[in-house]
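Input: a single structure, listed below in structure tokens.
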Amino acid sequence: MSSSLSGRTVLVTGATSGIGYETARRLAERGATVLLHGRTPEEAHAAADRLVATAGVDGARLRPLAADFVRLEEVGNLAHAVVREHPRLDVLVNNAAIAAPERHTLTADGNEISFQVNFLAHYLLTTMLEPALTSDPGGRVVNVSSALHRTGAIQWNDPQRVRRYSRLAAYAQSQLALTVFAADPRVTAVSVDPGVCETGLLPLYGHEGAPAAEGAQHVVRLCDPATEIVNGAYYDRSERVAPAPAATEDRTVKRLNKLADLLVGHIA
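When you read off a place in the sequence shown, starting at 1, and then add 1361, the result is the number in this note's numbering.
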């Protein structure tokens, strides 16, 4: 893999811990300018400071940015700020994610919280960043998904899971939606399951995981313009495999876009 990503600008969501933090570290070490997204300005700045102090990353390569994905308005503001300050964005890594809570929880926007944070916020961000996302070879979106997307189903008549809620089903639905979204023809995008890692999401998967840095490696590889990608491709760590059948159906992609546009429309 080419060692240099200098001259490239990458936005990583959820970059203050876990795989997002390790992805930001590796990208910055290889010379990329990293837009480091955190939930609050304090968290984003603290992560940037930590990278400078512990990984010896050049602080000039880091731009801390904040938006709480529980509020779509903040996602919209983030997108506007990025387009304004970085009119040329090479890569967007949609990594921020939460485990669905035990009890059914709606955001102020009226969406089931994991569906909004894990999918709708990224949908909104990606579509609003479209003008900045370069169409040059190598420009791309990398969605950090999960093998659990295979167990998911999008409840078209009740996407907010108001009638029947299970945290695993809600989380799986959010990951399936993110994976389906990679096949959207508007931008070149892929999805990757980085493997089970020691992150805040580990309890959903089991007791043991690989270090987050190991999962980040698979994400960083897909950010590299030297890695050729096909729109909608899905990777299990470094291997390209078929995603759940729904993720390759044009009809599902169109239907999901329609649903997402409806749910984020008041912002975009």
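Glycine included, C-beta positions come from ideal geometry on N, C-alpha and C.
Beta-bridge partners of residue i, as assigned by DSSP
i        : result
Pro-1462 : DSSP, once it has assigned bridges, lists no residue as partnering Pro-1462.
Leu-1485 : Leu-1485 pairs with nothing; no bridge assigned.
Val-1551 : Val-1503
Start-to-end residues for the beta strand (DSSP E) that takes in residue i
i        : result
Thr-1394 : 1394-1399
Glu-1559 : Unbroken run through Glu-1559: none, as it is neither H nor E.
Arg-1601 : 1600-1602
Asp-1597 : 1595-1597
Val-1454 : 1452-1455
Neighbour-count burial assignment, residue i, 16 or more Cβ in a 10 Å radius
i        : result
Thr-1401 : exposed
His-1579 : buried
Leu-1453 : buried
Val-1551 : buried
Asp-1451 : buried
Val-1523 : exposed
Ala-1482 : buried
Leu-1529 : exposed
Residue i - containing alpha helix (DSSP H), residue span
i        : result
Leu-1657 : Only positions 1362 to 1629 of the chain appear in the structure, and residue 1657 is not among them; the question remains open.
Thr-1540 : 1528-1542
Arg-1582 : 1573-1584
Leu-1388 : 1379-1390
Leu-1620 : 1611-1625
Open item on the list: Any contact between the segment 1425-1433 and the segment 1464-1472? By contact I mean 3 or more CB pairs, one from each, below 8 angstroms.
Closed with: yes
TODO: Indicate whether the contact test is met: 3 or more Cβ pairs, each with one atom in the segment 1397-1416 and one in the segment 1597-1611, closer than 8 angstroms.
DONE: no
Open item on the list: Three or more C-beta pairs under 8 angstroms: does that hold for the segment 1588-1603 against the segment 1386-1406?
Closed with: no
TODO: Determine, using beta-carbon pairs with one atom in the segment 1411-1427 and one in the segment 1472-1486, whether at least three such pairs fall under 8 angstroms.
DONE: no
Task: Contact between the segment 1480-1494 and the segment 1536-1548 (3+ Cβ pairs under 8 angstroms) - done: yes
Open item on the list: For the segment 1442-1451 against the segment 1485-1497, do three or more pairs of beta-carbon atoms, one drawn from each stretch, fall closer than 8 angstroms, so that the two count as touching?
Closed with: yes
- [ ] Starting from the N-terminal side, write out each stretch of the beta strand (DSSP E) that is 3 residues or longer and does not extend beyond the segment 1420-1453.
- [x] 1423-1427
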